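*Asks:*
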Amino acid sequence: MKNLFKSDTKFVQKWREDRKIGFKKYAFSHGLAFGILMYVWLLVYFLFFAEENISFLSKQNLYLFAINILGGIFLFGPLNWYSNQYFYKKLTKNIPSNEAI
Numbered sequence: 298m299k300n301l302f303k304s305d306t307k308f309v310q311k312w313r314e315d316r317k318i319g320f321k322k323y324a325f326s327h328g329l330a331f332g333i334l335m336y337v338w339l340l341v342y343f344l345f346f347a348e349e350n351i352s353f354l355s356k357q358n359l360y361l362f363a364i365n366i367l368g369g370i371f372l373f374g375p376l377n378w379y380s381n382q383y384f385y386k387k388l389t390k391n392i393p394s395n396e397a398i
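Here it is as structure tokens:
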């Protein structure tokens with residue numbers, strides 16, 4: 298692909314593959330992964346570094362888990378999809394659709 302950096306070409310190729318699974322599956326899978334990672338990070342923080350510790354089986358921990366998972370699925374996943382779509386369209390707007398990458 299002409300006039301694109303190597304990293305842009307990789308992004309366009311990867312995003313073309315990721316788009317094939319569809320918005321809902323993409324948002325769910327990427328949002329869930331993000332939510333789990335954030336939950337684990339915050340759990341480690343609260344268990345070892347925060348002045349106020351939370352119990353592993355506490356109600357507060359359950360809320361933390363739910364908020365991270367739901368936030369990941371309903372906020373991070375869709376925002377990630379739309380930002381990737383925006384950059385994909387921006388990078389490919391002057392490129393014929395039949396040109397191989």
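The sequence shown runs 298 to 398 under our numbering. Ideal Cβ positions, reconstructed from N, Cα and C, are used throughout, including at glycine. Values in this document were obtained by computation on a predicted structure and should not be read as measured data.
Would you grab the beta carbon distance between Ile370 and Tyr336 for me? Rounded to a whole angstrom, and I think it's under 8 angstroms.
*Replies:* The residue labelled residue 370 in the question sits at position 73 within the sequence shown. The residue labelled residue 336 in the question sits at position 39 within the sequence shown. So it is not a contact: roughly 12 angstroms between Cβ atoms.
*Asks:* Taking its Cβ as the centre, do 16 or more other Cβ atoms sit within 10 Å of Gly374, making it buried, or is it exposed?
*Replies:* Taking the sequence shown and counting its residues from 1, the one referred to as residue 374 is at position 77. By the neighbour-count rule (16 or more Cβ atoms within 10 Å), Gly374 is buried.
*Asks:* Taking the alpha helix (DSSP H) that Phe331 belongs to, which residues open and close that run?
*Replies:* Taking the sequence shown and counting its residues from 1, one reaches residue 331 at position 34. First-last of the alpha helix (DSSP H) with Phe331: 320-345.
*Asks:* Which of the three DSSP states is assigned to Ile364 in this structure?
*Replies:* Reading the sequence shown from its first residue, position 67 is the one you call residue 364. Residue state, collapsed to three classes: helix.
*Asks:* In the structure shown, what three-state DSSP assignment does Phe373 receive?
*Replies:* For the purposes of this step, residue 373 is taken as the residue at position 76 of the sequence shown. Reduced to three states, the DSSP call for Phe373 is helix.
*Asks:* Run the CB neighbour count on Gly332, radius 10 Å, all protein chains shown included, and call it buried at 16 or more, exposed below.
*Replies:* Reading the sequence shown from its first residue, position 35 is the one you call residue 332. With 16 or more Cβ atoms within 10 Å of its Cβ, Gly332 is classed as buried.
*Asks:* So which of Lys390, Ile392, Tyr385 has the shortest CA-CA distance to Asp400?
*Replies:* Outside the displayed range of the chain (298 to 398) lies residue 400, so it cannot be described from this structure.
*Asks:* Which first and last residues belong to the alpha helix (DSSP H) in which Glu465 is found?
*Replies:* In the structure displayed, the chain extends from 298 to 398; residue 465 sits before or after that span and is not available.
*Asks:* Do you know whose CA, among Phe346, Leu340, Ala347, Glu348, lies nearest Asn358's CA?
*Replies:* Stepping through the sequence shown from its first residue, residue 358 is reached at position 61. Of the listed residues, the one whose Cα sits closest to Asn358 is Leu340.
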